[in-house]
Each structure stands twice: as C-alpha cells, then as structure tokens.
Amino acid sequence: RVHRCFLARKLRQAGFDRTKILQFLCIAKMVSKFNMTLSVKREGGQRTVGIFQLTSYFSCYDKYVPGVRNGRCHELCDAFLDEYLEDDIRCASMILRQWGFKYWTGWERKCLYAKVSPLLDGCDYEN
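End of the sequence shown sits at 1152 in the working numbering; the numbers just go up one at a time, nothing left out.
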C-alpha cells in the first residue's frame, strides 16, 4: 500500500490541481484502498489492476500481440502492479481526458458528492 500523501505528491508532480487530486485519492481509496499491487479477476477473463484498478479490457494488455493496438495506455497490465506510480497516473490521466471520472464505477456516489478534503489532512501539500 502507498500512503495517500505520497500519492497526492505524485499527482501534484503530474500537474493535477487540488480538486482532481482529491478525486483521484478518493478513487484510489475506493477501488484499491491504496494497494498498488492489487489484481482482481473479473468476468470474461478480464482483470483490473493497480492502485486505480485499470481494466485489462480497456487500459492495458496481458500479452502483447504484434500489429494489434494493445490497450489504450499501451502498457502491460503487470506494469501497473509495482511501486512506480507514474505509469498508473499517466494512464488514469488519459482515461480522465477521454471519459472523465465516471469511468470509475461508484465515483459519483462515493467521491463526487462526498466530503473528500480530509484525504489531504496532514499532507505536505500546497495548492
């Protein structure tokens, strides 16, 4: 697991503002409890991986196939299962640009209308 403040700093370094950082922190808490190595098998042989639970159906690929577009983020799914968060953040950023936070099931109910500001409490973070 990673500490929420560490993830907040990484998101800030990637250029996100406070509002988006809070939403990403909420998503990470909701989908993985900040577990960077979480891999969950889903229906149809798919899985979700990493701190943001990116889908193998959409975001990444389990096996490279030459000549085929291999996941929107062009990464092996296992790349999202390590302590290197930059690739996870880059992929989540692409998803955000294309689909918004609604990509993550439960985001509206658990994050959009929730009080998320405490997620930055105690963090060395500036707007």
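Every residue, glycine too, gets a C-beta built ideally from N, C-alpha and C.
Proximity of residue i and residue j at Cβ, strictly below 8 Å
{"i": "cysteine 1051", "j": "serine 1081", "result": "no"}
{"i": "cysteine 1030", "j": "glycine 1125", "result": "no"}
{"i": "methionine 1119", "j": "cysteine 1136", "result": "no"}
{"i": "valine 1141", "j": "isoleucine 1076", "result": "no"}
6 Å Cβ shell around residue i - same chain, five flanking residues per side excluded
{"i": "glycine 1096", "result": "Ser1084, Cys1085 and Tyr1086"}
{"i": "asparagine 1152", "result": "The predicted model places asparagine 1152 with a pLDDT of 49, which falls under 50 and marks its position as unreliable, so this point remains unresolved."}
{"i": "cysteine 1181", "result": "Because the chain in this structure spans residues 1026 to 1152, residue 1181 falls outside the shown range and cannot be described."}
{"i": "phenylalanine 1105", "result": "Val1074, Gly1075, Leu1079 and Asp1113"}
Own chain, CB closer than 8 Å to residue i, minus 5 neighbours either side, in chain order
{"i": "aspartate 1072", "result": "Sequence check: residue 1072 is arginine here, not aspartate. Closer than 8 Å at the Cβ level, and outside the excluded window around arginine 1072, lie Ser1064, Val1065, Lys1066, Thr1080, Ser1081, Asp1087 and Cys1102."}
{"i": "alanine 1139", "result": "Cys1051"}
Chain-order list of residues whose beta-carbon lies under 7 Å from that of residue i (same chain, five-residue window excluded)
{"i": "isoleucine 1114", "result": "Lys1035, Leu1036 and Ala1039"}
{"i": "alanine 1033", "result": "Ile1046, Leu1050, Leu1145, Cys1148 and Tyr1150"}
Exercise. Would you say the stretch 1122–1139 touches the stretch 1051–1067, given that touching needs at least three Cβ pairs under 8 Å?
Worked result: yes
Exercise. Does the count of Cβ pairs from the stretch 1059–1069 and the stretch 1103–1119 closer than 8 Å reach three?
Worked result: Judged by Cβ distances under 8 Å, the stretch 1059–1069 makes contact with the stretch 1103–1119, as three or more pairs qualify.
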